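Numbering (this note's numbering), first residue to last: 984 to 1430.
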């Protein structure tokens, strides 16, 4: 029995729920703050808990990880699958349990669900002078997935994201998916996605990526996930194909008289760095928009797997996974700094699944001296989320842009930014992440 520390059920959320464990508990008018997961669990908060997002969720901050959350479990009765913004009618009564790091209310009968009619968001198309760049974690996409998953992702790219010029994709698996058979190529995966986009009424998309070494980049065993650039060239964007990179070759910045260039395009940033052991290596590519270079780095940093749970025994919980992300961010930031050293007005986009919050040290490392702008930080606090975990709406995916794009001289703000909520709040999701898009006001005069 632990005797250290203090116990305060009146003001500490964890202690409050702990004091009710194994008791019969009633929650009045539970409001759904996270989609029902594959285990039949639905995160809720009592009526009146807040502050809430306009769509019904509850956002974390550096000071508040929302201990008012509790999960409705289906041990005794099925829980109707719910989306964020739904509610269960009337009081819900059950036994308070604790398992897998969560306080879980187990009702003896199924509660009645009242739908909130939450709609998937749609962003506006880019104007002629705007370069639209997006990032989208497509959750272990491979030919082993159903045609419906490809069709849904394609619909989201074409309709909800308005067919952006460039989409940085994360979690593209190899052609055999989770089969652990030494296959690393992903051309079939990307061909299927591009074909689904065309079938959904979208434009022709091309792609660039680098096959990883087998089993070296983490993720689902056998899947060999990687980032890929998916881009359309009918609006003025083009890819600069340089010498071909491979899994072990490191891209560098060439400081030429006409400005910086990449030694490899596409190329991988510092793949031998221990920071990227068993994790995805950043993918760098050189694009041109209106005859001028745009340097893009697609990322998928290591996950939070292995971190201690928020409602666990150890408080505050240790987040051991952060150290690797800090080192990964340092490597990416050094690459961006090399581009800026060659040209302080370089147009740089760093984006992807950073697997950390906008207020995290990982994000701080990427921002550095402020020469990169983290776009989630430009939104109102209640709009900052790309992912919902155990009922907590949070930012994991980011787009950062250089000051040359964010604050062009004499032209005001140089971007519009939109996190497009299509997945994270819904129990019928094509991916567990929301995509996001930045429309960069590069101007017709620069094209």
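We put the CB at the ideal spot given by N, CA and C, even for glycine. These figures come from a predicted structure and were not determined experimentally.
Grouping DSSP H, G and I as helix and E and B as strand, with all else coil, what is residue i?
{"i": "residue 1287", "result": "coil"}
{"i": "residue 1351", "result": "coil"}
{"i": "residue 1149", "result": "strand"}
{"i": "residue 1055", "result": "strand"}
{"i": "residue 972", "result": "Only positions 984 to 1430 of the chain appear in this structure, which leaves residue 972 out of reach."}
{"i": "residue 1038", "result": "coil"}
{"i": "residue 1252", "result": "coil"}
{"i": "residue 1372", "result": "strand"}
{"i": "residue 1429", "result": "Unreliable placement is indicated for residue 1429, whose pLDDT of 46 sits below 50; no coordinate value is reported for it."}
{"i": "residue 1193", "result": "coil"}
{"i": "residue 1187", "result": "coil"}
{"i": "residue 1358", "result": "helix"}
{"i": "residue 1259", "result": "helix"}
{"i": "residue 1332", "result": "strand"}
{"i": "residue 1282", "result": "strand"}
{"i": "residue 1389", "result": "helix"}
{"i": "residue 1141", "result": "helix"}
How is the beta strand (DSSP E) around residue i delimited, first residue to last?
{"i": "residue 1423", "result": "1419-1424"}
{"i": "residue 1118", "result": "1113-1124"}
{"i": "residue 1398", "result": "1398-1402"}
{"i": "residue 1366", "result": "Where residue 1366 is concerned, there is no enclosing beta strand (DSSP E), given that its DSSP letter is neither H nor E."}
{"i": "residue 1010", "result": "1007-1010"}
{"i": "residue 1377", "result": "1375-1377"}
{"i": "residue 1080", "result": "1075-1082"}
{"i": "residue 1204", "result": "Run containing residue 1204: none; DSSP gives neither H nor E here."}
{"i": "residue 1086", "result": "1085-1089"}
{"i": "residue 1166", "result": "Looking at the DSSP string, residue 1166 is not in any beta strand (DSSP E), and its letter there is neither H nor E."}
{"i": "residue 1025", "result": "1025-1028"}
{"i": "residue 1267", "result": "1266-1272"}
{"i": "residue 1220", "result": "1220-1222"}
What is the residue span of the alpha helix (DSSP H) that residue i lies within?
{"i": "residue 1315", "result": "1305-1325"}
{"i": "residue 1341", "result": "Careful: residue 1341 lies outside any alpha helix (DSSP H) and carries neither H nor E."}
{"i": "residue 1172", "result": "1170-1182"}
{"i": "residue 1381", "result": "That residue, residue 1381, is in no alpha helix (DSSP H); its beta strand (DSSP E) goes 1380-1385."}
{"i": "residue 999", "result": "996-1002"}
{"i": "residue 1134", "result": "1130-1138"}
When you compare only the Cα positions, how much space is there between residue i and residue j?
{"i": "residue 1075", "j": "residue 1032", "result": "16 Å"}
{"i": "residue 1240", "j": "residue 1293", "result": "52 Å"}
{"i": "residue 1346", "j": "residue 1340", "result": "7 Å"}
{"i": "residue 1228", "j": "residue 1185", "result": "29 Å"}
{"i": "residue 1001", "j": "residue 1109", "result": "50 Å"}
{"i": "residue 1269", "j": "residue 1405", "result": "29 Å"}
{"i": "residue 1059", "j": "residue 1089", "result": "7 Å"}
{"i": "residue 1249", "j": "residue 1192", "result": "7 Å"}
{"i": "residue 1264", "j": "residue 1251", "result": "6 Å"}
{"i": "residue 1361", "j": "residue 1210", "result": "25 Å"}
{"i": "residue 1079", "j": "residue 1018", "result": "20 Å"}
{"i": "residue 1037", "j": "residue 1101", "result": "10 Å"}
{"i": "residue 1283", "j": "residue 1416", "result": "13 Å"}
{"i": "residue 1140", "j": "residue 1180", "result": "7 Å"}
{"i": "residue 990", "j": "residue 1030", "result": "25 Å"}
{"i": "residue 1044", "j": "residue 1377", "result": "8 Å"}
{"i": "residue 1145", "j": "residue 1091", "result": "45 Å"}
{"i": "residue 1006", "j": "residue 1050", "result": "19 Å"}
{"i": "residue 1010", "j": "residue 1025", "result": "14 Å"}
{"i": "residue 1021", "j": "residue 1398", "result": "38 Å"}
{"i": "residue 1065", "j": "residue 1333", "result": "34 Å"}
To which residues of the same chain is residue i closer than 8 Å at the C-beta, ignoring the five residues directly before and after it?
{"i": "residue 1165", "result": "1197"}
{"i": "residue 1258", "result": "1307, 1310, 1311, 1313 and 1314"}
{"i": "residue 1128", "result": "1160"}
Can you list, in chain order, the residues of its chain whose CB lies under 7 Å from that of residue i, leaving out five sequence neighbours each side?
{"i": "residue 1069", "result": "1015, 1096, 1097, 1098 and 1099"}
{"i": "residue 1216", "result": "1189"}
{"i": "residue 1035", "result": "1041"}
{"i": "residue 1348", "result": "1309, 1312, 1313 and 1316"}
{"i": "residue 1003", "result": "1079"}
{"i": "residue 955", "result": "Here the chain comprises residues numbered 984 to 1430, so residue 955 is not present and cannot be evaluated."}
{"i": "residue 1338", "result": "1284, 1285, 1286, 1287, 1308 and 1379"}
Could you pull out every residue in the same chain whose Cβ sits closer than 6 Å to the Cβ of residue i, ignoring the five residues on either side in sequence?
{"i": "residue 1150", "result": "1117, 1119 and 1213"}
{"i": "residue 1194", "result": "1167 and 1168"}
{"i": "residue 1200", "result": "1263"}
{"i": "residue 1013", "result": "1027, 1071 and 1075"}
{"i": "residue 1238", "result": "1325"}
{"i": "residue 1087", "result": "1054, 1056 and 1080"}
{"i": "residue 1335", "result": "1118, 1151, 1153, 1281, 1282 and 1283"}
{"i": "residue 1321", "result": "1236"}
{"i": "residue 1203", "result": "1123 and 1161"}
{"i": "residue 1023", "result": "1057 and 1062"}
Touching or not, the stretch 1125-1145 and the stretch 1343-1359, by the rule of three or more beta carbon pairs under 8 Å?
no
Check whether the stretch 1153-1164 touches the stretch 1219-1228, taking contact to mean three or more Cβ pairs, one atom from each stretch, closer than 8 Å.
no
Whether or not the stretch 1296-1309 and the stretch 1244-1252 are in contact is what I'm after, with contact meaning three or more pairs of Cβ atoms, one per stretch, closer than 8 Å; do they touch?
Contact between the stretch 1244-1252 and the stretch 1296-1309 is not established, with fewer than three Cβ pairs separated by less than 8 Å.
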